[in-house]
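S.K.: Take a look at this one; I'll ask things after.
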Amino acid sequence: MAYRITRKDRSLQKAFRRIACEQIDAALAELTAPQADPNEAIHQTRKHFKKLRGLLRLVRPGFDDYDRENAAIRDLAATLSGLRDTGALVETHDRLMVTAADGTRFDPVRAHLVARAPGGKAPLPLPEGFCDALRALRDRASAWTLRGKDGAILRAGLALTWARAAAGYRAASKDSSPANIHEWRKRVKYNWYHSRLLRDINKRRVQPHREAAKRLAGLLGEHHDIAVYLDELDRLAQNALPAITPALIADLKSRALDRKSRLEADALAIGAAMTYEKPGKLPKLWIRWWKDWRRG
467 MAYRITRKDR SLQKAFRRIA CEQIDAALAE LTAPQADPNE AIHQTRKHFK
517 KLRGLLRLVR PGFDDYDREN AAIRDLAATL SGLRDTGALV ETHDRLMVTA
567 ADGTRFDPVR AHLVARAPGG KAPLPLPEGF CDALRALRDR ASAWTLRGKD
617 GAILRAGLAL TWARAAAGYR AASKDSSPAN IHEWRKRVKY NWYHSRLLRD
667 INKRRVQPHR EAAKRLAGLL GEHHDIAVYL DELDRLAQNA LPAITPALIA
717 DLKSRALDRK SRLEADALAI GAAMTYEKPG KLPKLWIRWW KDWRRG
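Going by our numbering, 496 is the number at position 30 of the sequence shown; the sequence numbering is gapless.
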């Protein structure tokens, strides 16, 4: 089923358990599929982990085991982050080459990045016991329990994430450092996940917000990828290979920095239009829609 709460879910707790188990099952399927492409499997699995953590944040005020289970998912995801970053470096390089008339000049850099990334049909480089830990998480998720009224839990969960997204926007507006942008990105993605989970409560009015949050999360995600790419270029500059000259690296850095600046400008413009100045308004409005939807 889609990543959303539906009318068939008789309670928030039932939706919570169902969606969590579906995401864990999907992650296991990615990791254990025969002949899976390692980079794609890791990418998709990390997306399922992010959806899981977004789900947990939505119900956090009523989930007593939040700290333990969020940490368990975070730690599982962390074991894959380095593997994913190496694959993302190639993707970032290729995006920068789309508008480069002389892209073949940079083939030695791409070859270096490809050599670092997992690929082909080799077995996934997973830590021992990784899938067993994921199956244990699935067993626990099938019995997760919420405490409190559904509307109160959702309102508090939405309010916390939305307030943090607003704070992230304000911080990035004052100082668009990679650290501030990255922190804002995490909060925006959680709000995007919440808008997906609650899309049915008022499809016409939630959809524009969901689309804006998705667009914003994508811009901030690419910004993060470029920051990682720039760090890799700095490492290459210190240990340059014969075919990767300082001039080549300087050219790539210039292109990457230009793209990074444009991403920041676009992201801040969208952020300014998302009414962050009134962080208490959205949760109240959405819970009113939730109550009407549940009664309907």
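Just so you know, even glycine gets a beta-carbon here, dropped at the ideal spot from N, CA and C.
Please report the straight-line C-alpha distance between Arg-604 and Trp-756, rounded to a whole angstrom.
M.R.: Distance between the alpha carbons of Arg-604 and Trp-756: 28 Å.
S.K.: Using only CA atoms, which one of Gly-687, Trp-752, Asp-758 lies nearest to Glu-557?
M.R.: With distances taken between Cα atoms, Glu-557 lies closest to Gly-687.
S.K.: Name the residue from Asn-657, Leu-497, Arg-651 whose alpha carbon lies nearest to the alpha carbon of His-675.
M.R.: Per the Cα distances, Asn-657.
S.K.: Keeping to the same chain, check which residues put their C-beta closer than 8 Å to that of His-690; ignore five residues upstream and five downstream.
M.R.: Closer than 8 Å at Cβ, skipping near neighbours: Pro-644, Ile-647, His-648, Arg-651.
S.K.: Output needed for Val-665: all residues of its chain with C-beta closer than 8 Å, excluding positions within five of it in sequence on either side, in chain order.
M.R.: Here residue 665 turns out to be Arg, not Val, going by the sequence shown. Result list for Arg-665: Arg-470, Val-672, Gln-673, Arg-676, in chain order.
S.K.: Could you give the distance in angstroms between the alpha-carbon of Leu-699 and the alpha-carbon of Ala-638?
M.R.: Approximately 24 Å, taken between the alpha carbons.
S.K.: Could you check how far apart the C-beta atoms of Ile-692 and Ala-713 are, in whole angstroms? I think they sit under 8 Å.
M.R.: So it is not a contact: roughly 20 Å between Cβ atoms.
S.K.: Give a yes or no on whether the minimum CB-CB distance between Asn-705 and chain C is below 8 Å.
M.R.: In the structure shown, chain C cannot be found, because there is only a single protein chain.
S.K.: To the nearest angstrom, report how far apart Gln-479 and Leu-546 are at their CA atoms.
M.R.: Answer to the nearest angstrom: the Cα atoms are 29 Å apart.
S.K.: So is Gly-586 buried or exposed if we call it buried at 16+ other beta carbons inside 10 Å?
M.R.: Residue confidence for Gly-586 is low, a pLDDT of 49 falling below 50, so the modelled location carries little weight; the figure read from the coordinates is stated next. Flag for Gly-586 reads exposed.
S.K.: Report the three-state DSSP secondary structure of Gln-479 (helix, strand or coil).
M.R.: Three-state result, Gln-479: helix.
S.K.: Going by beta-carbon coordinates alone, are Arg-512 and Arg-540 separated by less than 8 Å?
M.R.: Against a cut-off of 8 Å, the Cβ pair of Arg-540 and Arg-512 comes out as no contact.
S.K.: Does the separation of the CB atoms of Pro-574 and Leu-707 fall below 8 Å?
M.R.: Going by C-beta atoms, Pro-574 is nearer than 8 Å to Leu-707.
S.K.: Check this for me: beta carbons of Pro-527 and Ala-633, under 8 Å apart or not?
M.R.: No; because the gap between Cβ atoms is not below 8 Å, this pair is not in contact.
S.K.: Output the distance between the C-alpha atoms of Tyr-659 and Arg-606, rounded to the nearest integer angstrom.
M.R.: Going by the C-alpha atoms only, they are around 22 Å apart.
S.K.: With distance defined between alpha-carbon atoms, name the residue in Gly-569, Arg-571, His-559 nearest to Leu-579.
M.R.: Of the candidates Gly-569, Arg-571, His-559, the one whose C-alpha sits nearest the C-alpha of Leu-579 is His-559.
S.K.: Anyone know if the C-beta pair for Leu-748 and Leu-592 falls short of 8 Å?
M.R.: Not a contact, by the Cβ cut-off of 8 Å.
S.K.: Under a three-way DSSP split, which group does Lys-615 fall into?
M.R.: Of the three classes helix, strand and coil, the one that applies to Lys-615 here is coil, per DSSP.
S.K.: Would you please state the rounded distance, in angstroms, between the beta carbons of Leu-555 and Val-694? I believe it to be under 8 Å.
M.R.: Right, the Cβ-Cβ distance comes to about 7 Å (below 8 Å), so this counts as a contact.
S.K.: So which of Ile-710, Gln-489, Met-740, Tyr-635 has the shortest CA-CA distance to Ala-577?
M.R.: Among Ile-710, Gln-489, Met-740, Tyr-635, the Cα nearest to that of Ala-577 belongs to Ile-710.
S.K.: Pull up the distance between the alpha-carbon of Gly-595 and that of Gly-553, whole angstroms please.
M.R.: Cα-Cα distance, rounded: 23 Å.
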